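Right, one structure below, let's go through it.
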Amino acid sequence: MVKLNKIYTRTGDDGTTALVSGPRRAKHDLRVEAYGTIDETNSVIGVARLHTADLPELDAMLMLIQNDLFDLGADLATPETDEPPAYEPLRIVESQVTRLERDIDRLNADLDPLKSFVLPGGSPAAAHLHLARTMARRAERLMVALARGEGEIVGVAALKYVNRLSDLLFVAARHANDGGKADVLWVPGKNR
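Residue numbers (the working numbering): 916 to 1107.
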């Protein structure tokens, strides 16, 4: 368990932060940007959950995702190296991806078929879930860019997880919009 007795350390005053494995990186480093964006996504999901009390199945899924996102942040904050670590680093695993896929299928089964693209909005829960979806997509772009960087490794399961997460958040937003009945649909060229 993590123990945080003191919240400020002053060690980041120089514009760097420590990774879990110890090395310091600039706060604008791509790896730090990636796990910071995962944290933002998690926070927006927390706000969305303020509006999902009447959707207990969805709320339970989102709670599991919030925990997974801390796992993903720890995964990204512990870069793989050639040297074996002194401890077992926390990594996203395939079973977490599989659970997301099952949850997507479960939520999608009850949705009205799509007839157009969905505009972000509708209920407060849906609007926040759409915002979380866009943040998850940004996190995915950062993680892909990081994985393509020289000497950087991002786990395959971590990349799959963040890709499925944005899909789940899209389906969850539709679920929160009365099973898609309250979706706000895009009308191409409507305002010309």
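Think of the CB as a built atom: it goes at the ideal place given N, C-alpha and C, for glycine as much as any other residue. Predicted model only: the values in this text are computed from it and were never measured.
Using three-state DSSP, classify residue i as helix, strand or coil.
i: T932; result: strand
i: L1100; result: strand
i: R1069; result: Going by the sequence as given, residue 1069 is Val instead of Arg. If DSSP states are grouped into helix, strand and coil, V1069 belongs with coil.
i: L1005; result: coil
i: L1026; result: coil
i: L1034; result: strand
i: N1078; result: helix
i: E995; result: coil
i: P1039; result: helix
i: L1044; result: helix
i: N1106; result: coil
i: N982; result: helix
i: P971; result: helix
i: N957; result: helix
Using the beta-carbon count (16 or more within 10 Å), is residue i buried or exposed?
i: A968; result: exposed
i: T993; result: buried
i: A1090; result: The amino acid at residue 1090 is misidentified as Ala; the sequence shows His. The residue is buried, with at least 16 neighbouring Cβ atoms inside 10 Å.
i: Y1108; result: The structure shown does not extend to residue 1108, since the chain is modelled only from 916 to 1107, so the question has no answer here.
i: L1083; result: buried
i: Y1002; result: exposed
i: L987; result: buried
i: V878; result: Lying outside 916 to 1107, the shown extent of the chain, residue 878 is not represented and no answer is given.
i: A1024; result: exposed
Taking C-beta to C-beta, are residue i and residue j nearer than 8 Å?
i: L1005; j: D990; result: yes
i: T956; j: L977; result: no
i: M1050; j: V959; result: yes
i: A1047; j: V1008; result: no
i: P999; j: S936; result: no
i: L1026; j: G1095; result: yes
Looking only at C-alpha atoms, which of the options sits nearest to residue i?
i: K1075; options: S1010, N982, E955; result: S1010
i: E972; options: D1098, A1087, L1100, G1095; result: A1087
i: L945; options: E1065, G1070, V1102, L1061; result: L1061
i: D1018; options: A1041, A1047, D974; result: D974
i: P1039; options: V1102, A1097, S936, R1107; result: A1097
i: L1044; options: F1085, R1107, D954, E998; result: F1085
i: G1036; options: N1106, W1101, S936; result: W1101
i: I1068; options: H943, E995, Q981; result: E995
i: A1022; options: G1070, G1066, D1093, G1064; result: Reading the sequence as shown, one finds Leu at residue 1022 and not Ala. Nearest C-alpha to L1022: D1093.
i: A1042; options: L1015, R1014, V1099; result: V1099
Looking at chain B, is there any beta carbon in it that lies within less than 8 Å of the beta carbon of residue i?
i: F1085; result: This model lacks chain B altogether, as it is built from one protein chain only.
Taking three-plus beta-carbon pairs below 8 Å as touching, is the region 1018-1036 in contact with the region 947-964?
no
Pairs of beta-carbons, one from the region 1050-1064 and one from the region 1073-1087, closer than 8 Å: are there three or more?
yes
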